[in-house]
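In our numbering, the protein residues as written are 19 to 99.
No residue lacks a Cβ here, since even glycine has one placed at the ideal position from N, Cα and C.
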């Protein structure tokens, strides 16, 4: 099963750094979403080998081809604490 970004406020173009929604003018978190959700296009640019948890590991699907700026359909997010 592929891992995808969630359709929630934290990934929406209306989400501001102060956790305010510019569409609804209220505080929100990554737990919220609405019918006005609009995915930030820039997020997809970060899905490269350099940001993949499988890069340079035994789990990498393409170890001979993997490079820091390369995109891959087997991308997995780095763990966050």
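Exposed unless 16 or more other CB atoms sit within 10 angstroms - verdict on residue i
{"i": "residue 84", "result": "buried"}
Cβ separation of residue i and residue j, assumed to be a contact under 8 Å, to the nearest whole Å
{"i": "residue 89", "j": "residue 65", "result": "6 Å"}
Other residues of its chain near residue i: CB distance less than 6 Å, five sequence neighbours each side excluded
{"i": "residue 59", "result": "none"}
{"i": "residue 68", "result": "86"}
Own chain residues within Cβ distance below 8 Å of residue i, not counting five before or after
{"i": "residue 80", "result": "90, 92"}
{"i": "residue 76", "result": "none"}
Point to revise | Minimum length 3: unbroken beta strand (DSSP E) runs contained in the segment 49-96 | key: none
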